[in-house]
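Residue numbers (the numbering used here): 26 to 193. Cβ atoms here follow ideal geometry from the backbone N, Cα and C, with glycine treated the same way. Model, not experiment: these values are computed from the prediction. Structure record follows, encoded as structure tokens.
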Amino acid sequence: MKKELNYTFFDINAGLPAKPVFNQPPPANWNFAQDQEKLALTSVPTPEISGNQNEMADVKMEIIEIQKASKLRTDRYNLSLQRLEAQQNQMANDISEKFALLLQKMNEQKKYDQKVQDIVDRHNNLLKGYEVRLNQMQKLLMQKEQDYVEAVTSLKELKAEIGRLKRL
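Laid out in structure tokens, this is it:
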């Protein structure tokens with residue numbers, strides 16, 4: 026609950042229109058002497074009135090001190106809040122810079138990974154080409170070996186035939 030200052034207690038007319046003093050004529054039954062007597066009575070400070078005035082002055086001073094203390098506390102809180110906001114902004118900037126650097130490094134790494142993958146793919150294609158050629162060479166070699174075996178067999182048969190013909 027918000028506490029409000031009672032301005033009438035401190036004789037402060039904040040926001041209230043000032044009452045005109047001489048705008049109205051005195052009433053018909055007005056007695057000047059009686060008013061002077063009342064005024065004299067009210068202007069004489071009694072110990073009770075002066076004690077209340079002292080208490081009011083003390084309360085005013087306490088309120089002023091409380092206001093000063095709360096203003097100082099509010100100022101300290103504002104400074105702390107400003108420091109925290111500055112730190113938060115600095116950390117946010119640092120994080121965004123690090124994040125941008127990390128993204129840049131990730132993109133570079135992806136680029137290098139793609140280059141390595143291209144080299145590996147090219148190497149695999151070369152290996153497949155060599156495997157195809159090796160298989161063709163092996164087939165050719167097997168064919169040549171078979172032809173050689175057939176030629177050796179034919180040669181042996183011919184030698185045997187020639188040896189038989191020589192005997193005849």
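Item	Value
Quick check: the Cα distance between Ile88 and Phe124, rounded to an integer number of angstroms?	52 Å
Using a Cβ-Cβ cut-off of 7 Å, state whether Met167 counts as contacting chain C.	The structure shown contains no chain C; it is built from a single protein chain.
Under three-state DSSP, which class holds Leu193?	coil
What number of angstroms, rounded off, separates the C-alpha of Val145 from the C-alpha of Asn160?	22 Å
From Leu128 to Lys135, what distance separates their C-alpha atoms?	10 Å
Can you give me the C-alpha to C-alpha distance between Leu180 and Gln139, rounded to a whole angstrom?	60 Å
How long is the line joining the alpha carbons of Glu80 and Leu97, rounded to whole angstroms?	25 Å
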